[in-house]
Structure formats: C-alpha cells, structure tokens
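First to last, the sequence lines map onto chains V and B. Each residue of the first sequence is one higher than the one before, starting from 1 at the first, in the working numbering. Each residue of the second sequence is one higher than the one before, starting from 1001 at the first, in the working numbering. Cβ coordinates follow ideal geometry from the N, Cα and C atoms, glycine included. All values derive from a computational prediction rather than experimental measurement.
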Amino acid sequence: MLTLKQLTKRYTTGDKALTSVSLEIPAGQVAALIGPSGAGKSTLIRCVNRLVEPTEGQVFLGDTELTGLSSRQLRRARRRMGMIFQEYALIDRLTVMENVLSGYLGYTGFWRSYFRRYPQPVVQQAFKLLQRVGLENFIDKRADALSGGQRQRVGIARALLQSPEILLVDEPTASLDPKTSRQIMRLIKELCVERQLAAIINIHDVQLAQLFADRIIGLRAGQLVFDGQPEQLDAEILTRIYGEEDWNHASESGDVEEVMDPSVSQNHAQVTLRAASV
Amino acid sequence: MPVKLIEPGNDLSQAEWKLRTTRQQWLIWLGWLVGISLFLLCWKVISDNTMWVFVEDAPRQGADLLRRMMPPDWAYSERLWKPLWDTLNIATLGTLLGIIMAFPCAFLAARNTTPHPLIRSLALMIIVSSRSINSLIWAMLLVTILGPGILAGILAIALRSIGFVGKLLYEAIEEIHPTPVEAITATGASRMQVMSYAVLPQVMPAFAGISIYRWDINIRESTVLGLVGAGGIGLQLNAAINTLAWDRVSIIFILIFATVLVSEYISAKVRKAFI
C-alpha cells in the first residue's frame, strides 16, 4: 500500500530530520510511529503527502510514485491520503458540516466549493460520517464551540470524506485527556478496520500505541531503530528508542519523558508555512 | 542578557548575574544625556523664533473668535444638508472602492499567500505609495486631473484607503494559524480553495474591523476635501472662513461633530457583530 524507500529529509538549516528510512505498510494495517520529540515523526508523515518535500528517496502509494508528481498530480494523489492533526486543524469560524465537507475539496471546483454547493451524495456521506463519529447533533455548530474530543471527531470525519486509502495521523491525542484519548484512538482503529484503511499514527504515548496498533515503528534521531509487534516492546527496546531510563517502573511516571529540542520546533514552523505555497 | 558567571567548578555562592554589563549601563546613561540635551536645545530654538507678543495676546484673540462664533447661524444649516450628504457619499463610496482594490493586493503582499516574491514587492509598492500620500494631496492631484467635484473626492479617498486596508489586512493574513492551511492543503485542495477555506475565514473578522475603521476615518477626512475643491462640506467651510462668517463656521463644526459621532457609533456596533 505505502512504501518508503531510503527516505531522507534535510532541512535548509542543515538539520537532518530523516536518514534513509525504508518502510512498507500493507493495506489495512495500523502502524504506530513512536519516538522522542524531534525524532522526525511529524516530518516522516508530512513527507508522505509532501507537505514537506523529501530531500532524497521515494514514496509510493500503491503504484504511484508520490515523490515524482507534478503539483496537479500531487493534488489528485493527496485525495487518497486523509490527514488528522494534533490540534485538530479545523477552521474555527466555519460550521462542523463545512469543516467535514472541506474533505471533498480535492474533488470539486473552486466556485462550487466557494458557494458550498456540494453534490447531494457527498452531503449524505458527510451526514453518515458525522453520525458514525457521534456528532449528528452538532452539524450547524461552529467548530470553535466544540470540546477537544468533538473537534478531533470532526477532523476524523473530514479525513474520511476524502475516501482515503490511508490515514496519516499526527499526534491525535496529544491535546486530549486520557479517557478521550482512548476513545479517539479506538474510533480511529475501528474505522480503519471497517474500511480496510492503512494508517500511520504518530504518537508519544507508548501504552496507547501498544493498545491500538498492529505494529510499532520506533524512530530515533531520524533513523528507524525498531519495527515489530506491540508485544515485543520491552525495557531494552524502549531504551533503544528513547534512551536510558528505568522503564520497569511504569506506574511512577506513566508516560515517557520528553526532551524538547528547540531547533525541531523551529523547523516545524517553517514547514507549516510552506505548505501554503504548494 | 549578559551574564557574569563564575568559572565552572568554582563556588556557586560567588556567581553573579546582572541585567546589563557596566559598559551597556554607561551607554544607556549617555543616551539619556544626549536626548535630554537635544530636547532643551530644540526648546530654545523654538522659543527664540516665537513672537511672544502674539502668544501673550492669544487668550484674548481666542475669546474674541469664540464670541463671534456664538450663536451659530442655525438657519444656514438648511443649505448644508446637501454638501453633508455628498461628504457621506464620498467617504462611503471611496471606502468601498478602496476595499475592493486593497483585498487582492493584501493577498498578493502577504508572505504566506503571495504567488511569487516579485509580485509581492509589486503589491507592497502599491500599498506603500498609496499610504505615503495624504488624501488631501491625492484630492489636489485629482482635482487638477478630473476637475473639481465629488468624483475626485471619491477617488482620493479610495486611493488613500488601499494602502491602509491593504497593509493591515496583509499583516492579518501573515498572522493566521498555519495548521488549518496544512489541513486543507492535505485534502488535495487547489491554491484558491486553500485561500477561501483556510485563510479567508481566519482573516474575516480583521477584514471587517479594518474596513469599518477606515470608513470611520474617511468620514472625517472627506469633510476637509472640499478645501481643495473635491466636493463635500469642506467647500462651505472654506467659503465661510474666507468671508469671516464665523457663525457659519461654528454650525459647520457642529454638523461635522454630530456626523462623526454617529459614524463612531455605527462602526462600534458593526465591529462587535463581526467577532
């Protein structure tokens, strides 16, 4: 389904975010991408749909080589990849329905979308999705009137309206409380099973990753350091991914300590701004 | 800022921290000294060039002027409604025209939405040149080109408004959240769709606020355009001052004041509605 070959990303600042990462994700597989902050998880996901341009290497979605596409072809290819974000990335001042329908933008022309004239089957599909994620009573609410969990559900519905073949999910639970986090992860997992979707999920919560993923991929400093089953994760592998720590005392801290790297968040800002000019 | 630290390995109780180094501190004092001296020097130059006889006379002259303004020539207001209406039209139509031209300019000038750096500098140039010329001067130029009248006034207001609205709007565009832009781009949307879905809703409140604010300013500016022949109540004001008809000047002031109050009220209401 999705194949990465020797994918490398070097930012203009000289920081190497990814070093020849090769991966293959078959259809229907939910893979969790774990690793410390600054390991290149977000960069990897964004290199797939080219919100970030990879420096070297190839990305294939099915038979299509994404890395070689012109901008018009890239737009068509992006329709096949749904993306879900940490801060939901909804348009606050638009309604829930408008936000979900924006998942269809890749299929429709400018004026139709400007006047919100979506084909009836698409609107019906949007209704169905909103019902599936449990927001059928919030259709005309403004997106900024919703809670975090509800907003992420809108984000999920938007991604699914694209009828994607794969979901790229960037820290879906990082802004949510533990219970909502589990609900959102369960929902994503269920939807992937229902629709035979593949998914890459960036996540820093190792327990959640183990609970809901079919496969764990560990990234450290831009390199693949682990690729295996969730059950295989043990103290030795966690140390390989995150560095030295007393992993057997999970109850004391529960979560994984993170080291903030300022250069990384800087790169990120650059990247997001550049997405506008593609 | 600059830190004066003890070498590593030394006793920490000896460590010292200061906001500024001694050198910087002295430079700041020096800066103050130069600034204050310059201020006093300017004070002296202005004082030497002032004819104090006239200034001492000022309170009496002011009182005299006020006495001649009172009571206002209320009957004259009959003939002021038409020019006042012209003034409002100049302000409103000029603002509208200015907004229409400023809107695309702002998108071309914002760093995150411009199609090309060259186009960006072109748009910035339009904005800067519009801003650098006062509407009264625009009006003078246009009156010589188009002849006196309302049209010159409308265009003067419009040309000045492009810069104001354009600059504030492109700054608002540059400050939007980038993640919705990423999200809409990731759906496969085209550039124009990204603008209309991810950028436009985010800048809409700012755009409405800026436009209504400029309209508010333009009402005030259009009251003086008549001084150079560009239509509106300024023409009457000019005539009244030239003929020393101070009771007429005062009624014109009162009308302008009332109009500005009303526009202030309306713009406050509209701004509140758009958040």
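Less than 7 Å separating the beta-carbons of aspartate 1216(B) and serine 1135(B)?
Not a contact, by the Cβ cut-off of 7 Å.
Between which two residues does the beta strand (DSSP E) carrying arginine 10(V) extend?
Counting along the chain, the unbroken beta strand (DSSP E) around arginine 10(V) starts and ends at 2-10.
Since I believe glycine 35(V) is in contact with glycine 218(V) (beta carbons under 8 Å), could you give me their beta-carbon distance rounded to a whole number of angstroms?
About 6 Å; that satisfies the 8 Å criterion.
Distance check for alanine 1106(B) and glutamate 136(V), CA to CA, integer angstroms please.
Taking the straight line joining both Cα atoms gives about 38 Å.
Per DSSP, what kind of secondary structure is asparagine 202(V) in: helix, strand or coil?
Asparagine 202(V): strand per DSSP, three-state reduction.
Where the beta strand (DSSP E) through alanine 32(V) begins and ends:
Element bounds for alanine 32(V): 30-34.
In angstroms, rounded to a whole number, what distance separates the CA positions of isoleucine 166(V) and alanine 1208(B)?
Using only the alpha carbons, I get a separation of about 40 Å.
Is it true that the CB of alanine 27(V) sits closer than 7 Å to the CB of asparagine 99(V)?
Their beta carbons are not under 7 Å apart, which means asparagine 99(V) does not touch alanine 27(V) by this criterion.
Between the segment 1164-1179 of chain B and the segment 1249-1262 of chain B, can you find at least three pairs of beta-carbon atoms closer than 8 Å?
No, the segment 1249-1262 of chain B does not touch the segment 1164-1179 of chain B.
At the 7 Å Cβ level, is tyrosine 1170(B) part of the contact set with chain V, yes or no?
Not closer than 7 Å to any Cβ of chain V, the Cβ of tyrosine 1170(B) fails to qualify, so no.
State yes or no: is the C-beta of arginine 240(V) within less than 7 Å of the C-beta of valine 225(V)?
Taking 7 Å as the Cβ cut-off, arginine 240(V) and valine 225(V) qualify as a contacting pair.
Provide the residue(s) that pair with lysine 16(V) in DSSP beta bridges, ordered along the chain.
Per DSSP, the beta-bridge partners of lysine 16(V) are Arg10(V).
Sequence ranges, alpha helix (DSSP H) only - wholly within the segment 97-143 of chain V, length at least 4:
Correct list: 110-114 and 120-132.
DSSP state of isoleucine 25(V), grouped into three classes?
Here DSSP, grouped into helix, strand and coil, assigns isoleucine 25(V) to strand.
Please state the DSSP three-state secondary structure of isoleucine 91(V).
Residue state, collapsed to three classes: coil.
Residue-chain proximity (glutamate 1174(B), chain V), Cβ-Cβ < 7 Å
The beta-carbon of glutamate 1174(B) is placed no less than 7 Å from the nearest beta-carbon of chain V.
Determine the direct distance from the alpha carbon of tyrosine 104(V) to that of asparagine 49(V), and round the result to whole angstroms.
Going by C-alpha positions, asparagine 49(V) is about 16 Å away from tyrosine 104(V).
Residues near arginine 153(V) by beta carbon distance below 6 Å, same chain, minus five either side
Within the same chain, Val133 and Leu135 come within 6 Å of arginine 153(V) by CB-CB distance, once the 5 residues on both sides are set aside.
Through-space distance from proline 119(V) to glycine 222(V), alpha-carbon basis:
C-alpha separation (whole angstroms): 43 Å.
For lysine 1018(B), does the count of other Cβ atoms within 10 angstroms reach 16, so buried, or fall short, so exposed?
Residue burial is scored here from C-beta neighbours: lysine 1018(B) has fewer than 16 other C-beta atoms within 10 angstroms and is therefore classed as exposed.
Closest Cβ-Cβ distance between glycine 103(V) and chain B: below 7 Å?
Yes, glycine 103(V) lies at the interface with chain B (some Cβ there is under 7 Å from its Cβ).
Going by the CB atoms, is the gap between alanine 126(V) and leucine 101(V) shorter than 7 Å?
Against a cut-off of 7 Å, the Cβ pair of alanine 126(V) and leucine 101(V) comes out as a contact.
If valine 1270(B) and methionine 1140(B) are in contact, beta carbons under 8 Å, what's the gap, nearest whole angstrom?
Wrong, their Cβ atoms sit about 31 Å apart, outside the cutoff.
Contact set between alanine 89(V) and chain B, taken where Cβ atoms lie within less than 7 Å
Near alanine 89(V) (Cβ distances below 7 Å), the residues of chain B are Thr1179, Pro1180, Glu1182 and Ala1183.
When we look at the beta-carbon of threonine 13(V) and count the other beta-carbons within 10 Å, is it buried (16 or more) or exposed?
Exposed: under 16 other Cβ atoms inside 10 Å.
Considering only residues of the same chain and omitting the five flanking positions on each side of glutamine 6(V), which have a CB-CB separation below 8 Å?
Leaving aside the five residues that flank glutamine 6(V) on each side, the residues in its chain whose CB is nearer than 8 Å to its CB run, in chain order, Ser20, Val21, Ser22, Glu56, Gly57 and Gln58.
In terms of DSSP beta bridges, what is aspartate 227(V) paired with?
Paired residues: Ile217(V).
Buried/exposed call for leucine 1255(B), threshold 16 Cβ in 10 Å:
A buried status is given to leucine 1255(B), since no fewer than 16 other beta-carbon atoms sit within 10 Å of its beta-carbon.
Under DSSP, the beta strand (DSSP E) around valine 59(V) begins and ends at which residues?
That run of the beta strand (DSSP E) goes 56-61.
I'd like to know whether the C-beta of glycine 1188(B) is nearer than 7 Å to at least one C-beta of chain V.
Glycine 1188(B) counts as touching chain V.
Residue of Leu1118(B), Leu1159(B) and Asp1011(B) minimising C-alpha distance to valine 1128(B)
Measuring from the Cα of valine 1128(B), the nearest candidate turns out to be Leu1159(B).
Leaving out five residues on either side along the sequence, give the residues of the same chain with a beta carbon under 6 Å from the beta carbon of arginine 10(V).
Around arginine 10(V), the same chain offers Lys16 and Thr55 as residues with beta carbons nearer than 6 Å, after the five sequence neighbours per side are excluded.
When burial is assigned at 16 or more other CB atoms within 10 Å of the CB, is methionine 97(V) buried or exposed?
The residue in question, methionine 97(V), is buried, as its Cβ has 16 or more Cβ neighbours within 10 Å.
State the start and end residues of the unbroken alpha helix (DSSP H) segment that holds glycine 243(V).
Per DSSP, glycine 243(V) lies in no alpha helix (DSSP H) segment and is marked neither H nor E.
Contact belief for valine 30(V) with alanine 199(V) at Cβ below 8 Å, rounded distance in angstroms
Contact holds; Cβ gap of about 5 Å.
Any beta-carbon of chain B closer than 7 Å to the one on methionine 97(V)?
Judged by the 7 Å Cβ criterion, methionine 97(V) is not in contact with chain B.
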